[in-house]
Ligand code: PA5
């Protein structure tokens, strides 16, 4: 089970810039209320909590078909529909495409260069396309789907429809309509599960199965951590404590930037996944906490100086790995060089763990708050725990702020301007606004 260590945010350890037990105690009632929202499923969007109990049979069947037939698996989606699958792919099957078939490509943008490259690398005759969009109307995903639809049809004719798997709302949206009209294979994203909380739905589980990961292990981990995180006693519940600490640091101490730093390359994409979850869920009504993705040890040589001596506006969240599942010994070479020979005989995992501990300690000595999550190893079971744990913590922090952690009203305006520019019916006024803004912008162009 993953474990939280919060010594380095406490006053007792880092001095007056830390939190006192009393400050956390004073939050007890608010935290209790937040937890009761979780336990009583006060919001329909808390449906993500029930994903561990879902039926995975259809996901497994479709994945088996893909594994038997495909050389390439191309995922089209954006935001929560892509970041989760990528986090699973990179954590559980690093360098996947160099070692395994089907190769996996995740296209989560509308950069023409990237799609041209993907299309030049894959043989569409041997490709399955998984289009993921909960709403069924996201412009980026719709555009790439339309392109693939035509390209596949050119090559496979009517058979092409058998190569698409649509992952979307069970009833609503354009994609669901297309599923019905053309008889596409499909998987349902449960109605209450919103994009950034959907990794443990078919959104992430199909990719997991395609790369050879038993999705039930992800769900088992998620279930175990969920059951652990409904514990009522504040001091025994890691999710409540983490939510309380980050909320207090953000509000009382104005430490509003949360750096996440896993000490494992495989969790780089997990950091990106966390950043979307944290930012889109919590940043509203002038409130929120800013996520900041990072990776250890690499960013010790890039960002650490800022965290140590820059503005006192951050909390650093370390993800420590206990067992890397493999190790490499540093050989005894250059024996006469004191600057190097201390490394000989140690292993890379010893070094990375020492560096992680050293970084925690040096930040603590500089009174810079940090906390750590200890992860026994990176496998499906523990990755499932991490996903569910951070989703619960995010919802809790949202409830502490008194905001809705499940919507994203702030992204609508940009979408409407885009619709206007792309000629969508009913958005002419938005197009005019863009044109007026362009004129103003011109006066300030410096060439
Ligand atoms: O968290 C969310 O709901 C969003 O970030 C969505 O995941 C993103 O906008 C993509 O939406 P959709 O899956 O509807 O295409």
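Residue numbers (this note's numbering): -18 to 428.
We put the beta carbon where it would ideally sit given N, CA and C, even for glycine.
- Counting only runs of 4+ residues, the alpha helix (DSSP H) found wholly inside the region 99 to 176 occupies 120 to 137 and 155 to 163, in chain order.
- Distances from the CB of residue 158 to the heavy atoms of the ligand PA5 are all 7 Å or more.
- For residue 7, the enclosing alpha helix (DSSP H) has its first and last residue at 2 to 7.
- Here the region 207 to 218 makes no contact with the region 354 to 361; the two share fewer than three CB pairs at distances below 8 Å.
- Judged by pairs of C-beta atoms under 8 Å, the region 225 to 244 does not touch the region 312 to 326, as fewer than three such pairs exist.
- Taking non-hydrogen atoms of the ligand PA5 into account, the C-beta of residue 106 is found less than 7 Å away from none of them.
- Between the beta-carbon of residue 380 and that of residue 15 there is about 4 Å, and that keeps the pair under the 8 Å contact cut.
- For residue 285 and residue 229, the gap between their C-alpha atoms comes out near 23 Å.
- Of all alpha-carbon atoms in -2, -15, -18 and -17, the one lying nearest the alpha-carbon of residue 344 is that of -2.
- In the DSSP assignment, the residues bridged to residue 304 are 358.
- DSSP links residue -15 through a beta bridge to 354.
- When distances are taken from the beta-carbon of residue 175 to the heavy atoms of the ligand PA5, the shortest one is below 7 Å.
- Proximity of the beta carbon of residue 252 to the ligand PA5 is not indicated: no heavy atom of the ligand is located closer than 7 Å.
- Secondary structure note for residue 274: its beta strand (DSSP E) is the uninterrupted segment 271 to 274.
- Secondary structure note for residue 209: its alpha helix (DSSP H) is the uninterrupted segment 196 to 209.
- Residue 391 and residue 177 have their alpha carbons spaced roughly 15 Å apart.
- Between residue 132 and residue 102, the CB-CB gap reaches or exceeds 8 Å.
- The closest heavy atom of the ligand PA5 lies 7 Å or more from the beta carbon of residue 394.
- Contact annotation: the region 58 to 68 touches the region 80 to 91, with at least three C-beta pairs closer than 8 Å.
- By the beta-carbon neighbour count (other beta carbons within 10 angstroms, threshold 16), residue 76 is exposed.
- One thing to note: residue 311 has its Cβ within 8 Å of the Cβ of residue 326.
- Shown here, residue 234 sits in coil according to DSSP, grouped into three states, outside any helix or strand.
- Annotation for residue 57: no alpha helix (DSSP H) segment contains it, though the beta strand (DSSP E) segment containing it runs 53 to 57.
- With respect to the C-alpha of residue 330, the residue from 179, 53, 11 and 304 having the closest C-alpha is 304.
- About 15 Å separates the Cβ atoms of residue 398 and residue 406, ruling out a contact at the 8 Å cut-off.
- If the five residues before and after residue 263 are omitted, its C-beta is found closer than 8 Å to the C-beta atoms of 269, 270, 375, 378, 379, 382, 384 and 386, all from its own chain and listed in chain order.
- According to DSSP, residue 297 shares a beta bridge with 240 and 351.
- Secondary structure at residue 87: strand, using DSSP grouped into helix, strand and coil.
- Nearest Cα to residue 226 within the set 82, 24 and 352: 352.
- Counting the other CB atoms within 10 Å of its CB gives residue 363 a total of 16 or more, which places it among the buried residues.
- Inter-residue distance for residue 98 and residue 92 is about 10 Å (C-alpha atoms, whole angstroms).
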